[in-house]
Amino acid sequence: MLVPTLAEAQKNVFNNYTPLTSKGQLPPEFAVSATQKYIESKKSISKKEKRSIRKSKTEFYLKNSFSIDELLRSGKVLFNDTVGIYVDQVFQKILKVTDISPSSVKVFIVKTNYSNAFATDQGLIFVTTGLLARLQNEAQLAYVLCHELVHVKEKHVMDVYLHAEETSQKIKKATDEYELEPAILSHAAFSKDKETEADIKGLQLYIKTGYAVNEVVALFDILQFAQHPFDSLPFNRDFFGNGKIAWSNRLFVKTVDRIEYDSEEDESLTHPNTPARKLVVSKIIDSLKVAGFGSDFLISQDQFNFIRQVCRFEYCRNALLQKDYCNAIYAAYTLLHYDPDNLYLKKTIGKALYALSMYAIQGRKKEVVPWYFEVQGNVQQVHAFARNSYAYEVNALAVKYLYDLNKQFPNDREIAAILDETFSALTYYHIDDITLLRSKVLPDSLQSGGQSIYADESYSDMKEQFELATGKFTYNHVYCDENTDIKYRKIRILYAFADYLNDTGFVKMFERHAFKSSQIKSHVDSVLVENSISEDKPEYMNDTRPEGEINTRCYNYYIKRINAEAHDKKAVGEEVRLKYTGLFNNKLNKSTGEKVILLNPLYYSLDLRKKNPLKYVASESARNTFINRLKISADAANLPYELLSENEISITDAELLNRISLLKEWMSEQFSHGEATILPTDYELIKNLSESLGTRYLCLFGNTFSVLKKDRIEEMIFYSIIIPFYSWVITVPYFLIKKIETMHYFIALDLEKGKIVTAGLSTVKSGNNEDISLATLYNFMLKIKLYQEVNR
Amino acid sequence: MRILFLFFFSVFTFLTQAQVPGFLGKRASVYAGIYLSPTLAQSEGPLPELFNKKYAVGVDYIVGLKSNLSFSYHYHTTPVTDLGFDNAFANHENFRYGLNSHIFSLSFQKYVKKSDYVAPVGTYFSFGLMTAFFTLKDSEENIFPKGTKMARGQVSGVTFGIGKKRVLFRRIIIDAGVEAALMLISPKVDGNTINSDFITASKERVFWSNFLNLKLTAGYIF
Numbered sequence: 100m101l102v103p104t105l106a107e108a109q110k111n112v113f114n115n116y117t118p119l120t121s122k123g124q125l126p127p128e129f130a131v132s133a134t135q136k137y138i139e140s141k142k143s144i145s146k147k148e149k150r151s152i153r154k155s156k157t158e159f160y161l162k163n164s165f166s167i168d169e170l171l172r173s174g175k176v177l178f179n180d181t182v183g184i185y186v187d188q189v190f191q192k193i194l195k196v197t198d199i200s201p202s203s204v205k206v207f208i209v210k211t212n213y214s215n216a217f218a219t220d221q222g223l224i225f226v227t228t229g230l231l232a233r234l235q236n237e238a239q240l241a242y243v244l245c246h247e248l249v250h251v252k253e254k255h256v257m258d259v260y261l262h263a264e265e266t267s268q269k270i271k272k273a274t275d276e277y278e279l280e281p282a283i284l285s286h287a288a289f290s291k292d293k294e295t296e297a298d299i300k301g302l303q304l305y306i307k308t309g310y311a312v313n314e315v316v317a318l319f320d321i322l323q324f325a326q327h328p329f330d331s332l333p334f335n336r337d338f339f340g341n342g343k344i345a346w347s348n349r350l351f352v353k354t355v356d357r358i359e360y361d362s363e364e365d366e367s368l369t370h371p372n373t374p375a376r377k378l379v380v381s382k383i384i385d386s387l388k389v390a391g392f393g394s395d396f397l398i399s400q401d402q403f404n405f406i407r408q409v410c411r412f413e414y415c416r417n418a419l420l421q422k423d424y425c426n427a428i429y430a431a432y433t434l435l436h437y438d439p440d441n442l443y444l445k446k447t448i449g450k451a452l453y454a455l456s457m458y459a460i461q462g463r464k465k466e467v468v469p470w471y472f473e474v475q476g477n478v479q480q481v482h483a484f485a486r487n488s489y490a491y492e493v494n495a496l497a498v499k500y501l502y503d504l505n506k507q508f509p510n511d512r513e514i515a516a517i518l519d520e521t522f523s524a525l526t527y528y529h530i531d532d533i534t535l536l537r538s539k540v541l542p543d544s545l546q547s548g549g550q551s552i553y554a555d556e557s558y559s560d561m562k563e564q565f566e567l568a569t570g571k572f573t574y575n576h577v578y579c580d581e582n583t584d585i586k587y588r589k590i591r592i593l594y595a596f597a598d599y600l601n602d603t604g605f606v607k608m609f610e611r612h613a614f615k616s617s618q619i620k621s622h623v624d625s626v627l628v629e630n631s632i633s634e635d636k637p638e639y640m641n642d643t644r645p646e647g648e649i650n651t652r653c654y655n656y657y658i659k660r661i662n663a664e665a666h667d668k669k670a671v672g673e674e675v676r677l678k679y680t681g682l683f684n685n686k687l688n689k690s691t692g693e694k695v696i697l698l699n700p701l702y703y704s705l706d707l708r709k710k711n712p713l714k715y716v717a718s719e720s721a722r723n724t725f726i727n728r729l730k731i732s733a734d735a736a737n738l739p740y741e742l743l744s745e746n747e748i749s750i751t752d753a754e755l756l757n758r759i760s761l762l763k764e765w766m767s768e769q770f771s772h773g774e775a776t777i778l779p780t781d782y783e784l785i786k787n788l789s790e791s792l793g794t795r796y797l798c799l800f801g802n803t804f805s806v807l808k809k810d811r812i813e814e815m816i817f818y819s820i821i822i823p824f825y826s827w828v829i830t831v832p833y834f835l836i837k838k839i840e841t842m843h844y845f846i847a848l849d850l851e852k853g854k855i856v857t858a859g860l861s862t863v864k865s866g867n868n869e870d871i872s873l874a875t876l877y878n879f880m881l882k883i884k885l886y887q888e889v890n891r
Numbered sequence: 077m078r079i080l081f082l083f084f085f086s087v088f089t090f091l092t093q094a095q096v097p098g099f100l101g102k103r104a105s106v107y108a109g110i111y112l113s114p115t116l117a118q119s120e121g122p123l124p125e126l127f128n129k130k131y132a133v134g135v136d137y138i139v140g141l142k143s144n145l146s147f148s149y150h151y152h153t154t155p156v157t158d159l160g161f162d163n164a165f166a167n168h169e170n171f172r173y174g175l176n177s178h179i180f181s182l183s184f185q186k187y188v189k190k191s192d193y194v195a196p197v198g199t200y201f202s203f204g205l206m207t208a209f210f211t212l213k214d215s216e217e218n219i220f221p222k223g224t225k226m227a228r229g230q231v232s233g234v235t236f237g238i239g240k241k242r243v244l245f246r247r248i249i250i251d252a253g254v255e256a257a258l259m260l261i262s263p264k265v266d267g268n269t270i271n272s273d274f275i276t277a278s279k280e281r282v283f284w285s286n287f288l289n290l291k292l293t294a295g296y297i298f
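Residue numbers (this note's numbering), protein chains in the order written: chain A, 100 to 891; chain B, 77 to 298.
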């Protein structure tokens with residue numbers, strides 16, 4: 100066949116899956132500023148309404164316009180994307196049976212694993228990829244859109260907001276819990292009524308579309324368990340244990356907990372519980388006698404399946420970005436069941452194992468792996484494995500998995516980079532003795548495939564036992580003194596690589612990393628000894644050492660390395676600073692720095708004396724002034740830059756928005772890692788972006804101007820009365836002059852290292868004047884240049 | 077001598093910073109301005125003056141993130157009637173004198189640490205050294221020809237001040253503040269001559285005219 104079939108073409112798409120991106124022209128909602136949206140929305144407020152209602156509505160439109168704008172520009176909302184185009188086709192089918200003008204409502208896709216759909220009164224409907232990943236057919240999607248359309252038509256968002264305002268007044272006046280509780284519950288009940296209205300009216304609209312009516316009931320079954328993975332395949336414990344190694348029973352649960360729904364009604368929630376909603380719509384369907392009518396697909400079943408698969412792949416990516424590694428592994432595992440050779444899914448698992456091993460080494464595993472008994476269903480096995488395994492076990496597994504993947508795809512940069520990091524960690528923290536590897540320390544019984552020895556789970560002697568079954572063996576970790584533990588640990592790690600002892604590529608890689616690790620260790624030890632540096636944990640690290648979960652030696656190696664690296668960095672920094680020291684030394688000012696990306700400069704104007712301190716309109720209008728000042732400072736400092744700002748997007752520049760989105764996701768992921776250096780999920784994409792922009796430095800700049808609350812009013816009034824005339828010299832200016840503060844900050848990140856490299860903060864008790872701002876920003880630019888010089 | 081040593085030592089310890097941004101990279105500025113001091117010593121003329129005036133020009137150079145050096149020249153002139161001592165030359169109604177001072181000042185300005193101002197913008201404290209070369213001349217034709225120099229001398233001291241600088245239009249630097257000087261150091265004068273009385277009185281006048289000054293200057297930064 101010269102022309103690939105649709106199935107083959109789609110398979111290729113998924114094998115080399117790239118994240119969803121926006122395309123084409125910006126929709127007006129993205130191009131128009133939030134201030135303009137607010138002004139437009141305000142026009143709908145009638146002057147005949149009560150003053151308090153008008154005030155609440157104005158406030159609502161202000162907050163709503165800016166919140167929507169923030170969401171649209173967050174990088175998570177897509178337009179003209181593959182999924183959005185399909186969902187829009189379904190949406191147009193629904194609009195045909197209504198009197199709503201297609202130009203007044205739009206649907207957008209939001210990239211997130213949460214199963215949700217929501218609407219705004221301004222006619223925007225958002226559906227998440229998390230929800231689409233879980234749906235079974237087009238009909239269920241159609242009902243979701245009908246439900247949201249009712250919210251738009253009936254202006255529920257405004258109604259709920261106004262009711263909440265009224266409730267908050269009651270709450271303020273409430274003197275005890277007997278008055279407080281009814282107020283809170285009345286608002287929850289009001290909101291539930293709106294949801295029920297949307298369910299019922301949505302159903303009435305849905306019935307007209309021609310979609311299968313029964314699917315509405317099925318949808319509620321899905322929503323009931325929407326927080327669980329989209330599939331529920333049993334997890335095969337041998338999935339990681341091919342070759343000579345099988346994992347111990349210790350690492351898994353004997354029986355997974357069933358998925359159960361907590362049907363107890365919580366009166367304080369704003370949505371009715373799902374079984375109640377299902378009951379309401381079932382009764383209506385029965386009464387109308389329309390069960391069995393309609394069809395599951397009106398556009399295309401193939402297209403739906405394709406779109407759902409895309410959303411499931413997005414699920415894997417989003418899970419990695421949110422550090423939900425166990426769910427990422429499980430989701431990829433279930434998808435691999437249907438597409439066993441998929442590169443993207445295998446890479447997902449490799450990345451998750453790598454990240455888990457890095458967190459385990461640093462003693463921070465519990466940050467990313469919840470207790471497995473908090474999880475239900477087959478995914479619990481993955482959580483149990485991740486939680487119960489030791490750092491060296493996960494590390495060894497990650498190396499093994501990534502090595503195999505690297506052999507299969509030797510030209511893939513991402514796999515090579517992650518394998519490199521994982522291998523370095525293995526040889527640095529756990530085993531660097533290559534002679535053990537060379538001597539092939541396997542028991543004879545294993546090599547000859549001898550008798551079986553059955554392991555006892557409760558065995559507690561200071562020995563290891565092996566079980567030989569079908570050429571595999573398992574072991575139990577037993578607690579013993581540190582020296583014995585080290586010896587057994589090393590041997591166990593070797594057993595994980597028993598299949599690779601004759602692989603020269605593996606042996607060479609091991610030797611290379613072991614050599615590098617031993618060099619690093621010697622340097623670390625010499626730096627610490629020569630400079631009498633304490634081996635204590637640095638101050639900036641919170642106490643993350645979990646009791647008994649990690650090997651103390653591994654953690655101590657980690658701390659020593661951080662201390663030595665910090666010392667080295669300081670020494671180099673001092674050396675460079677001397678170059679620029681001197682009374683008439685202007686070299687740093689005049690030198691040309693390396694190019695930086697200025698990402699979305701932020702400006703906020705706040706009045707902290709008010710209930711809603713953020714001044715939306717003033718903030719948006721002053722942002723351009725701040726951006727201009729940044730440009731002036733960067734030009735004066737000879738620091739080349741590329742400005743990526745949502746304020747400066749042209750209508751045809753979807754690519755700019757995609758870049759901003761990618762960088763925001765990267766940033767959010769890196770910040771969530773804290774001090775850990777972990778390669779990003781989108782390593783390849785970030786590397787490509789960095790190369791195309793010609794820089795590895797990303798800078799975030801911000802500026803806030805605040806009017807502060809005066810905190811000594813009573814004191815000043817007291818002095819004014821007690822010491823009249825003389826005290827007025829101080830007290831009168833205190834009352835008349837506003838207390839103001841201007842803050843500038845910046846953070847510079849290295850796209851290659853994935854961490855914050857330098858930062859600055861400046862606060863002055865003054866207005867946001869041009870000279871103060873320019874002087875501060877210029878100083879920040881010099882700081883960036885100095886860092887670049889130190890790390891050239 | 078010791079004070080001088082301490083002053084320069086303090087100054088130079090601040091000069092070893094790697095990062096001296098200045099204002100958009102510009103570190104030097106020239107300025108001119110006026111110093112006003114309340115007339116603590118009596119002044120004369122048809123209308124009593126509330127302020128003595130000094131005219132100043134100077135150069136500032138930013139030496140650190142929050143510090144700069146300032147060198148300035150002040151010119152002060154004032155008519156004098158009451159010299160504060162009693163003799164036929166001093167208090168004769170026909171006698172009028174003029175006191176001129178050429179004052180040189182070197183000061184170190186440190187910007188407020190608590191606030192993150194960056195030199196040259198913001199509030200600063202200054203301390204420095206000042207020396208004044210004064211001449212007291214006879215202004216009228218009487219016993220002595222007009223312009224006769226009745227006394228010449230030098231007096232030095234230390235200065236302290238507080239001020240605030242702002243930059244307008246990215247080039248014009250405005251400085252407003254208060255400066256106090258204690259001009260107490262001078263060569264010993266032979267106390268047995270009429271001349272010594274004039275010198276002593278002049279020193280006193282120089283002391284008070286520099287004791288407290290309000291300053292306002294405008295400059296150009298480059």
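Note that the Cβ used here is the ideal one computed from N, Cα and C, for glycine as well.
Using 10 angstroms around the beta-carbon of residue i, count the other beta-carbons present and answer buried if the total reaches 16, otherwise exposed.
{"i": "A108(B)", "result": "exposed"}
{"i": "P155(B)", "result": "exposed"}
{"i": "N163(A)", "result": "buried"}
{"i": "K539(A)", "result": "Any reading at K539(A) needs caution, since the residue's pLDDT is 48, under 50, leaving its predicted position unreliable; the model's value is listed next. Classification of K539(A): exposed, given that the 10 Å Cβ count is below 16."}
{"i": "V254(B)", "result": "exposed"}
So what's residue i in DSSP terms, helix, strand or just coil?
{"i": "E359(A)", "result": "coil"}
{"i": "T934(A)", "result": "The first residue shown for chain A is 100 and the last is 891, placing residue 934(A) beyond what the model contains."}
{"i": "F159(A)", "result": "helix"}
{"i": "K146(A)", "result": "coil"}
{"i": "N494(A)", "result": "helix"}
{"i": "L713(A)", "result": "strand"}
{"i": "A317(A)", "result": "helix"}
{"i": "A721(A)", "result": "helix"}
What first and last residue would you give for the beta strand (DSSP E) that runs through residue i?
{"i": "D849(A)", "result": "839-849"}
{"i": "Y740(A)", "result": "740-743"}
{"i": "K130(B)", "result": "127-140"}
{"i": "D706(A)", "result": "701-706"}
{"i": "Q185(B)", "result": "173-187"}
Note down, in chain order, each residue of its chain lying with its Cβ closer than 8 Å to the Cβ of residue i, except the 5 sequence neighbours on either side.
{"i": "L705(A)", "result": "P712, L713, K714, T803, F804, S805, V806"}
{"i": "S547(A)", "result": "The pLDDT assigned to S547(A) is 39, lower than 50, so where the model puts this residue is not dependable; a value taken from the coordinates is nonetheless given after this. Around S547(A): no qualifying Cβ."}
CB-CB under 6 Å to residue i, same chain, minus the five flanking residues each way: which ones, in chain order?
{"i": "A459(A)", "result": "A490, V493"}
{"i": "L848(A)", "result": "L797, I855"}
{"i": "Y260(A)", "result": "F159"}
Using a Cβ-Cβ cut-off of 7 Å (strictly less than) and excluding sequence neighbours within five positions of residue i, which residues of its own chain qualify?
{"i": "N757(A)", "result": "T120, S121"}
The alpha helix (DSSP H) that contains residue i, what's its start and end?
{"i": "Q191(A)", "result": "181-194"}
{"i": "V106(B)", "result": "No alpha helix (DSSP H) holds V106(B); the beta strand (DSSP E) holding it covers 104-114."}
{"i": "H255(A)", "result": "255-272"}
{"i": "G229(A)", "result": "228-233"}
{"i": "E813(A)", "result": "812-821"}
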